[in-house]
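Chains as they are written, first to last, in our numbering: chain E, 10 to 322; chain H, 770 to 1157. Heads up, the beta-carbon is just placed ideally off N, CA and C, and yes, glycines get one too. Quick caveat, the model's predicted, so the values are computed rather than measured. Heads up: the structure comes next, in structure tokens.
As structure tokens, then:
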């Protein structure tokens, strides 16, 4: 069996987040070197603050200042920092209960090694030089010997509050199309469309997926289909998609290759977009070195009769 | 032992808008949940369990909303779970919650669905750059437009039907204070003159991108007896799924949708949906899906759905009003859209729909679908409890 294909797939998006009143005050406070918590119904101070009381579910808005100094409640050593982590040298992830708070905040502790870190150790905030109203305004924590630092006396009313943040998300996958699609993709590179027939319903899947979703059985028998096919239906795309290098308008069509049990999707060219019709007979147009047909063009055959493809709609 | 009857005693929605920059996601869901509790005159302590649904994770960048939102929804110390079935999720979330009440696992359940589309990009979420595949698609409209063309060919519908639906739904939305789009100067000519995006779908025949949440309080007979306002009673509910693409799929009228509707009608004792159902809230993100679903749901024979639309049967004052609220075409916080259909159906039979109330509505259908016509969820609600 040939090796299955693999390729990196990076999914990355800068999600935005509206903060609401409590997170807005918290992050704006960090910009001003003020750490705010919120008081709950039972008199505890939560840092970082939340909008709703975890016990009573009531809305809570009573913001109070806590100190930039605190105590490590637990920790884990990070031997190999990854991109976008707070420090680029090995550091400790710490939960820090700031002086005046009842809950602990997760952050990084800059320490020379794990031997220099222990639960109960005193730490203080090292502020970032440039602060924007984000959790990274705390550059990290650093070891500290001393009592509670002084408060600023501020609990809000900041000028120009931060109301939103950008929360970039990134996932690094290794994508594999699997055994069946690898065979299909490799055949496509030789300009052949090879599907797989279901041993039960006898329908041919192009692209194949290794199993028939209707019958629930594996498909192994390879069947070459096409190269000609019929446009079963289509739309004319008039809006240009970001990151997609296709001039509009173009025709996005469902094409049932001769012998296939369902239509695949492709672009129609070689004919004015407004002359494309259901039943149009087409063939693939290949470009050198491409993994798939660039588009499909009319073959010049008479249009297919509706009854020949109506079951494929 | 028979199932416990399920009643809807509280409904809450946010005003759906393009962007709710004033609230966090927690603040958004809280608003809908609070309104549902107020409607039912209940407190957080009266809720036994919480079931939430939202859009696909890539749409929103929130992977475990049930963790993040427990405080905001008063779920601490209670069972809380999350349901996920793409665009139909609002409907299936409500059905999971209803199942808990029907099974007598919980007496009163808060169910809620939401989306903040402004903080993400659904078109991006639908167009991930899968290796070895040719990039072709241009969003959901590009996916569904060929199916609309296939419907037009199969039914022989005139190409103006889509614009009639959009014109109706946008006018209905003017009577719904929670709808996103309030196009006071809408005319049929404007709909028909709007740009063709994915021919045969025009701009005005597509749904907006919205921020919003919807919540319901579901309860048992004892809870319904204490309710301050008339409850809506669930008479039937079902979900079905099928693959997005398979040999033999009918993309115009999927078998899973037909089977789902048939199951609901059987449970509710509906012999003739066209006669026995007074109003429908169906998931119509592109206007042509109204005639398509009218057929799929059994309100018209195959190829005949557009005739109901054309004859005005689905207008607010028609014989079978469809999407009295303005529908998905007038507000589409995707994750919430299915639950809004379910909730609006319940509002109708409770007589609480305000200006878009259908006089004397006794039985209403709520419908949702998602994925590539892959998931279906529906419920039928009535003003009277089910027969014992």
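Beta-carbon spacing of residue i, residue j below 8 Å
| i | j | result |
| --- | --- | --- |
| residue 141 of chain E | residue 74 of chain E | no |
| residue 60 of chain E | residue 109 of chain E | no |
| residue 772 of chain H | residue 871 of chain H | yes |
| residue 263 of chain E | residue 774 of chain H | no |
| residue 886 of chain H | residue 1102 of chain H | yes |
| residue 131 of chain E | residue 145 of chain E | no |
| residue 948 of chain H | residue 1094 of chain H | yes |
| residue 821 of chain H | residue 838 of chain H | yes |
| residue 993 of chain H | residue 778 of chain H | yes |
| residue 1021 of chain H | residue 1136 of chain H | no |
| residue 268 of chain E | residue 212 of chain E | no |
| residue 124 of chain E | residue 53 of chain E | no |
| residue 171 of chain E | residue 25 of chain E | no |
| residue 126 of chain E | residue 84 of chain E | yes |
| residue 828 of chain H | residue 889 of chain H | yes |
| residue 185 of chain E | residue 43 of chain E | no |
| residue 62 of chain E | residue 46 of chain E | no |
| residue 923 of chain H | residue 1072 of chain H | yes |
| residue 1144 of chain H | residue 857 of chain H | yes |
Pick from the options that is closest to residue i, judged by C-alpha positions
| i | options | result |
| --- | --- | --- |
| residue 233 of chain E | E:192, E:279 and E:297 | E:192 |
| residue 275 of chain E | H:911, H:832, H:772 and H:895 | H:911 |
| residue 247 of chain E | H:1006, H:901, H:994 and H:969 | H:969 |
| residue 317 of chain E | E:302, E:128, E:144 and E:290 | E:290 |
| residue 103 of chain E | E:151, E:66 and E:138 | E:151 |
| residue 825 of chain H | H:926, H:988 and H:852 | H:852 |
| residue 306 of chain E | E:285, E:97, E:42 and E:100 | E:285 |
| residue 953 of chain H | H:963, H:942, H:962 and H:961 | H:942 |
| residue 950 of chain H | H:892, H:1126 and H:1098 | H:1098 |
| residue 999 of chain H | H:1130, H:812 and H:785 | H:1130 |
| residue 261 of chain E | E:125, E:186, E:309 and E:277 | E:277 |
| residue 809 of chain H | H:1037, H:995, H:1122 and H:925 | H:995 |
| residue 206 of chain E | E:220, E:196 and E:194 | E:220 |
| residue 166 of chain E | E:41, E:57 and E:300 | E:41 |
| residue 1146 of chain H | H:811, H:814 and H:859 | H:859 |
Assigned secondary structure, residue i (DSSP; H/G/I helix, E/B strand, else coil)
| i | result |
| --- | --- |
| residue 187 of chain E | helix |
| residue 899 of chain H | coil |
| residue 815 of chain H | helix |
| residue 1136 of chain H | strand |
| residue 202 of chain E | strand |
| residue 1090 of chain H | coil |
| residue 84 of chain E | strand |
| residue 128 of chain E | coil |
| residue 306 of chain E | strand |
| residue 1003 of chain H | strand |
| residue 1051 of chain H | coil |
| residue 834 of chain H | helix |
| residue 1102 of chain H | coil |
| residue 1158 of chain H | In this structure chain H extends from 770 to 1157, so residue 1158 of chain H is not present and cannot be described. |
| residue 1107 of chain H | helix |
| residue 180 of chain E | strand |
| residue 1021 of chain H | coil |
| residue 965 of chain H | strand |
For residue j and residue i, believed in contact at Cβ under 8 Å, the rounded distance
| i | j | result |
| --- | --- | --- |
| residue 804 of chain H | residue 830 of chain H | With 8 Å as the limit, residue 804 of chain H and residue 830 of chain H do not qualify as a contact, their Cβ atoms being about 26 Å apart. |
| residue 1133 of chain H | residue 1105 of chain H | Rounded, the Cβ-Cβ distance is 18 Å, inconsistent with contact. |
| residue 909 of chain H | residue 1108 of chain H | Incorrect: roughly 19 Å between the Cβ atoms, too far for contact. |
| residue 288 of chain E | residue 226 of chain E | With a Cβ gap of about 32 Å, residue 288 of chain E and residue 226 of chain E do not count as contacting. |
| residue 985 of chain H | residue 854 of chain H | So it is not a contact: roughly 17 Å between Cβ atoms. |
| residue 113 of chain E | residue 82 of chain E | 5 Å |
| residue 1059 of chain H | residue 1091 of chain H | 6 Å |
| residue 1039 of chain H | residue 1045 of chain H | 5 Å |
| residue 9 of chain E | residue 237 of chain E | In the structure as shown, chain E begins at 10 and stops at 322. Residue 9 of chain E is therefore absent and cannot be evaluated. |
Closer than 9 Å between beta carbons: that is the criterion. Which residues of the segment 49 to 73 of chain E meet it against chain H? 59, 60, 61, 62, 63, 64, 65, 66, 67 and 68
In the segment 211 to 229 of chain E, which residues sit with their C-beta less than 8 Å from some C-beta in chain H, listed in chain order? 212, 213, 214, 221, 222 and 223
Residues within the segment 229 to 247 of chain E neighbouring chain H, beta-carbon criterion of under 8 Å: 241, 242, 243, 244, 245, 246 and 247
Using a beta-carbon distance cut-off of less than 8 Å, what residues from the segment 955 to 975 of chain H approach chain E? 964, 965, 966, 967, 968, 969 and 970
Where the segment 168 to 198 of chain E meets chain H: residues whose CB sits under 7 Å from a CB there: 172, 173, 176, 178, 184, 186 and 194
Listed in chain order, which residues of the segment 837 to 853 of chain H have Cβ atoms closer than 7 Å to some Cβ of chain E? 840, 841, 843 and 845
Taking a cut of 9 Å between CB atoms, which residues from the segment 872 to 904 of chain H lie near chain E? 885, 887, 888, 889, 890, 892, 893, 894, 896, 897, 898, 899, 900, 901, 902, 903 and 904
Along the segment 793 to 827 of chain H, what residues have a CB closer than 8 Å to any CB found in chain E? 793, 794, 795, 796, 799, 813 and 827
Taking Cβ-Cβ distances below 8 Å as the criterion, which residues of the segment 1123 to 1146 of chain H are in contact with chain E? none
Residues from the segment 21 to 36 of chain E in contact with chain H, defined by Cβ distance under 7 Å: 22, 24, 25, 26, 27, 28, 29 and 32
Using a Cβ-Cβ cut-off of less than 7 Å, list which residues of the segment 283 to 302 of chain E approach chain H; keep chain order. 287, 300 and 301
Got a sec: which bits of the segment 1000 to 1020 of chain H sit with their beta carbon under 9 Å from any beta carbon on chain E, in order along the chain? 1011, 1012, 1014, 1015, 1016, 1017, 1018, 1019 and 1020
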